[in-house]
Structures are given as structure tokens and as C-alpha cells.
Amino acid sequence: MPRKITMADIADMAGVTKSTVSRFFNGGSVGDATRQKIQEIIREYNYEPNTFARLKARESNVAGVVVPSLNSKITSRVVTSVGRYLREQGYEALIKDSDHSIERELKNIQRLMLQNVDGILLSSITITPEHVRLLKDCPVPVVVLAQDFEQGISVTQDDYGAGRAMGRLVGESHPRRAAYLGVDESDRAVGIDRRQGVLDGLREKGVADVLTFAGDYSYQSGQHMTALALEQGPVDAIICATDRLAFGAYRVLDERGLRIPEDVSVAGFGGYDEGELLKPRLTTLKFDSYALGYLGAETLLKMVREEPVPKKQIVDYQMILGGSVNMNR
């Protein structure tokens with residue numbers, strides 16, 4: 001009995017893209033030789049197309065965009081850049097917010113498949129085996145943003161390298177005891193890679209005594225983790241996984257009468273405009289989020305047009321030196 005195969009398997013065996021196979025099932029334009037190859041594979045494996053394979057009867061000029069949340073500065077930059085590029089190309093963006101829920105994110109991907117979009121930009125919380133299975137049989141192109149996607153195409157940022165750069169910078173201030181305020185490991189890029197980079201960078205500069213905490217992305221979580229760190233004794237450097245967490249650290253340190261950076265250095269990630277309003281200005285690392293969105297959208301439309309694209313692209317980052325890290329120790 002022939003083994004059960006997917007549309008992705010048919011594409012691999014026929015030497016074509018999944019969108020070509022999808023066009024075949026929807027009566028679109030496919031070359032005679034390709035059509036014959038696909039038909040032979042279907043007969044050999046007794047393949048019956050699922051619902052998704054019949055959805056894309058024609059281009060909709062709509063791209064689906066799945067984001068972790070809508071209240072993030074970084075997400076706002078990415079979505080703005082995506083929207084601008086798509087509009088320039090005659091496309092519209094259909095945006096789905098997952099509210100940091102992996103289950104909701106998977107459902108959002110499925111809903112977009114059913115809404116006849118031409119492709120999907122996925123700013124993923126993380127990549128689970130369920131993501132891999134779902135995306136493998138997706139009838140339209142998918143580009144994953146901000147997370148590595150070994151099984152497909154991604155546009156991402158170097159969270160480990162950025163974390164290491166920040167760890168080395170703060171490490172050069174020679175703190176006696178540091179704290180890292182992070183996020184849950186369900187977000188691999190920020191919760192694992194960025195944290196490990198920070199810890200390795202600090203260690204390279206001889207800083208081994210580091211308290212680590214994990215919370216969520218909120219201002220309140222930054223306050224809570226800072227209070228927890230101070231309860232465990234003197235801390236003279238706090239590195240935060242995001243600027244919003246750093247804003248919370250500023251609040252608590254001020255309430256405790258601790259001066260930045262004389263008593264405690266503070267650093268973040270994000271390059272939020274609000275960081276310039278703090279006194280002293282926040283030292284932070286800014287990813288090129290606009291480039292992330294632009295490259296993602298550009299790559300997706302190239303895939304829709306069946307043009308070659310790189311498997312992985314990495315956007316740059318910039319260190320913004322404020323006055324919140326004490327380099328005079």
C-alpha cells in the first residue's frame with residue numbers, strides 16, 4: 001500500500017514549489033511536463049488533496065501577517081514596514097495578533113490559510129513541532145520573522161550576538177554583582193538566545209556573579225524583577241531583555257534612592273524613543289526592525305512569484321550609548 005504523502009512531498013518529488021502544486025489542483029497555469037509529473041505521483045501514491053490544497057484558485061493580493069502582540073514597539077516597527085512595502089507592491093496586509101499565545105498563533109496561521117491569502121509572514125513566538133508540521137503542508141509561501149526556521153525561510157536578528165555585545169559592554173564597567181531581567185523561554189530568541197549571549201559576554205569580561213530572572217514583557221514585570229533582585233543583596237548592574245523592562249527598573253531604583261549609574265548601571269534592548277527621555281538616557285541596543293519587516297515582505301512576494309530567495313537573512317543592530325552604564329569604575 002503506498003505511503004501517505006503531503007503536497008510538500010509531491011512538490012519535492014516533482015522538483016517544483018508547493019505553490020506550483022497548489023496551482024495544479026486549482027486548475028491554474030502549469031507546464032505540460034510538470035503537470036504530467038504531478039499526475040504520475042498522484043496516481044502512484046493515490047493522493048487526495050486536502051481542503052487547503054484547493055484554496056488558492058487565484059492570487060488575492062493579500063498577505064497574512066501573524067504577530068505576537070500589538071502593544072510592542074518592535075512589532076509596531078515591523079508591521080509598519082511590512083505594510084508600507086506591501087502597499088507599494090499593490091498588496092494589503094491581513095494582521096492577526098496572537099497575544100503571546102502559541103495555541104492562538106497556530107490557530108491564526110490556520111485561519112489565514114483558509115482566507116485565501118497569497119502568503120504568510122509569521123513573527124513567531126517560537127517554533128514548535130506543531131509549527132513545523134503545519135507549515136510543511138501550507139499551500140502558500142511562509143516567511144518566519146525574528147526566529148530561526150531551519151525547515152524553511154526566515155528573516156531574523158542575531159539575538160545571541162547582540163546579547164553578547166551588551167554583556168561585554170556592561171562587563172567592561174566591572175560590576176561586582178549583576179542581574180539579568182529576562183522573559184520566559186517560550187520565546188526562544190529573547191528568552192534563551194539573548195539571555196545566553198548576555199551571560200557569555202559578562203563572563204568574557206570576568207563577571208560571573210549574575211542573578212537571572214524571567215518574567216513577561218510588561219513594565220510591571222520589570223519593576224517586580226528589579227525588586228526581587230534587590231532583595232537578594234546589593235546589585236550594581238541590571239541588564240534588561242527589553243527597554244520596557246528597563247523602564248520598570250528605573251522606577252524601582254528611583255524609589256529605593258539608588259542612583260543610575262553611580263550605584264546601579266542599567267541597560268536594555270529595543271532602542272525605544274522613550275529611552276531618550278530618561279535621566280540619564282538609557283544605554284540600549286537597537287535592532288533594525290524596519291529592515292526586518294521590509295526584508296520579510298520583500299522575500300515573501302518573491303516567493304509568491306517563485307523567484308529564488310536566501311534561506312536565512314539577518315538584520316543588523318546598533319549600540320546606543322546613553323549615560324546609564326557606569327564606565328568610571
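Per the UniProt record's numbering, residue 1 is the first one in the sequence shown, and the count goes up by one each step. We treat Cβ as the ideally placed atom computed from N, Cα and C, and that holds for glycine. Only a predicted model underlies this, so the values are computations on that prediction, with no experimental measurement involved.
Inset, instruction - Give me the Cα-Cα distance between GLN89 and GLU262, rounded to the nearest whole angstrom. - result: Taking the sequence shown and counting its residues from 1, the one referred to as residue 89 is at position 89. Taking the sequence shown and counting its residues from 1, the one referred to as residue 262 is at position 262. So the two alpha carbons sit approximately 51 Å from each other.
Legend entry - Candidates SER289, VAL304, LEU295, ASN116, of which the one nearest TYR317 by Cα: In the sequence shown, the residue the question calls residue 317 occupies position 317. The shortest C-alpha separation from TYR317 is found at SER289.
Legend entry - Cβ distance (whole Å) where PHE213 is taken to contact LEU228 below 8 Å: By 1-based counting over the sequence shown, the position of residue 213 is 213. By 1-based counting over the sequence shown, the position of residue 228 is 228. Sure, about 6 Å apart at Cβ, within 8 Å.
Inset, instruction - Determine the contact status of VAL155 and THR299, defining contact as a CB-CB distance below 8 Å. - result: Within the sequence shown, numbered from 1, the residue matching residue 155 stands at position 155. Within the sequence shown, numbered from 1, the residue matching residue 299 stands at position 299. Result yes, Cβ atoms of VAL155 and THR299 sit closer than 8 Å.
Legend entry - Euclidean distance between Cα positions of MET13 and ILE74: Taking the first residue of the sequence shown as 1, we reach residue 13 at position 13. Taking the first residue of the sequence shown as 1, we reach residue 74 at position 74. Our two residues, MET13 and ILE74, have alpha carbons roughly 40 Å apart in a direct line.
Inset, instruction - Select from ASP236, LEU278, ALA189, PRO280 the residue whose C-alpha is nearest the C-alpha of HIS174. - result: In the sequence shown, the residue the question calls residue 174 occupies position 174. With distances taken between Cα atoms, HIS174 lies closest to ASP236.
Inset, instruction - To the nearest angstrom, report how far apart LYS286 and CYS240 are at their CA atoms. - result: In the sequence shown, the residue the question calls residue 286 occupies position 286. In the sequence shown, the residue the question calls residue 240 occupies position 240. Between LYS286 and CYS240, the C-alpha separation is close to 13 Å.
Inset, instruction - With DSSP collapsed to three states, give me the class of VAL66. - result: Walking along the sequence shown from the start, residue 66 turns up at place 66. The DSSP-derived three-state label of VAL66 is strand.
Legend entry - Sub-8 Å separation of ALA63 and ASP118 beta-carbons: As a working mapping, residue 63 is identified with position 63 in the sequence shown. As a working mapping, residue 118 is identified with position 118 in the sequence shown. For the 8 Å CB-CB criterion, ALA63 and ASP118 form a contact.
Inset, instruction - Classify GLN220 as buried or exposed, calling it buried when 16 or more other Cβ atoms lie within 10 Å of its own Cβ. - result: Here residue 220 is taken as the residue at index 220 of the sequence shown, counted from 1. That one is exposed.
Legend entry - Which listed residue (PRO234, THR242, GLY271, PRO129) has its alpha carbon closest to that of LEU258: If you number the sequence shown from 1, residue 258 lands on position 258. Cα-wise, what sits closest to LEU258 is PRO234.
Inset, instruction - Grab me the residues of GLY271's own chain with a C-beta within less than 6 Å of its C-beta, minus the 5 sequence neighbours each way, in chain order. - result: What you label residue 271 is simply residue 271 of the sequence shown in a count that begins at 1. Result list for GLY271: THR284, LYS286, ILE320, in chain order.
Legend entry - Buried or exposed by the 16-neighbour rule on C-beta atoms within 10 Å, applied to MET303: The sequence position of residue 303 within the sequence shown is 303, counting from 1. Classification for MET303: buried.
Legend entry - Buried versus exposed, by CB contacts within 10 Å (16 or more), ASP32: Residue mapping note: residue 32 aligns to position 32 of the sequence shown, counting from 1. So ASP32 counts as exposed.
Legend entry - Where PRO141 falls, given that 16 or more other Cβ within 10 Å makes a residue buried: Along the sequence shown, one-based indexing puts residue 141 at 141. PRO141 is buried by the Cβ-count criterion.
Inset, instruction - On a CA-only basis, which of GLY215, LEU211, ASP209 is nearest SER186? Give me that one, please. - result: In the sequence shown, counting from the first residue as 1, residue 186 sits at position 186. Measuring from the Cα of SER186, the nearest candidate turns out to be GLY215.
Inset, instruction - Can you have a look at ARG194 and say buried or exposed, based on whether 16 or more other CB atoms are within 10 angstroms of its CB? - result: In the sequence shown, the residue the question calls residue 194 occupies position 194. ARG194 should be labelled buried.
Inset, instruction - Run through the region 261 to 304 for me and flag every whole alpha helix (DSSP H) of 4 or more residues, listed as ranges in chain order. - result: If only complete runs of 4 or more residues are kept, the region 261 to 304 shows the alpha helix (DSSP H) at 289 to 304, in order along the chain.
Inset, instruction - In angstroms with no decimal places, state the Cα-to-Cα distance between residue 331 and LEU135. - result: Residue 331 lies beyond the stretch modelled for the chain, which goes from 1 to 329, so this question has no answer here.
Inset, instruction - Could you give the DSSP three-state label for THR212: helix, strand or coil? - result: Stepping through the sequence shown from its first residue, residue 212 is reached at position 212. It is a strand residue.
Legend entry - Segments of 4+ residues assigned as alpha helix (DSSP H) that fall wholly inside the region 181 to 229: Listed in chain order, the complete alpha helix (DSSP H) runs (minimum 4 residues) inside the region 181 to 229 are 195 to 204.
Inset, instruction - Please check the pair THR128 and ILE102, which I expect to be a contact at CB under 8 Å, by giving their CB distance rounded to whole angstroms. - result: Locating residue 128 in the sequence shown gives position 128, counting from the first residue. Locating residue 102 in the sequence shown gives position 102, counting from the first residue. 6 Å between Cβ atoms; contact.
Legend entry - Straight-line gap, PRO280 to ARG244 (C-alpha atoms, nearest Å): The count along the sequence shown starts at 1 and reaches residue 280 at position 280. The count along the sequence shown starts at 1 and reaches residue 244 at position 244. About 16 Å.
Inset, instruction - Measuring only between beta-carbons, confirm whether ILE314 sits less than 8 Å from chain D. - result: Given the protein chain composition of this structure (a single chain), no chain D is represented.
Legend entry - Segments assigned alpha helix (DSSP H), at least 4 residues, entirely inside the UniProt domain "HTH cro/C1-type" (3 to 52): List check, alpha helix (DSSP H) in window: 7 to 14, 18 to 25, 32 to 45.
Inset, instruction - Have a look at the DSSP bridge pairing and note the partners of SER123. - result: Against the sequence shown, residue 123 aligns to sequence position 123. Under DSSP, SER123 forms a beta bridge with LEU145.
Inset, instruction - Would you mind reading off the limits of the beta strand (DSSP E) that contains GLU306? - result: Locating residue 306 in the sequence shown gives position 306, counting from the first residue. From DSSP, GLU306 is part of no beta strand (DSSP E); its letter is neither H nor E.
Legend entry - Simplified DSSP state of THR128, which is helix, strand or coil: As a position in the sequence shown, residue 128 is number 128, starting the count at 1. Of the three classes helix, strand and coil, the one that applies to THR128 here is coil, per DSSP.
Inset, instruction - Give the DSSP-derived three-state secondary structure of MET319 in the structure shown. - result: By one-based count along the sequence shown, residue 319 stands at place 319. The answer is strand: DSSP assigns MET319 an E or B state.
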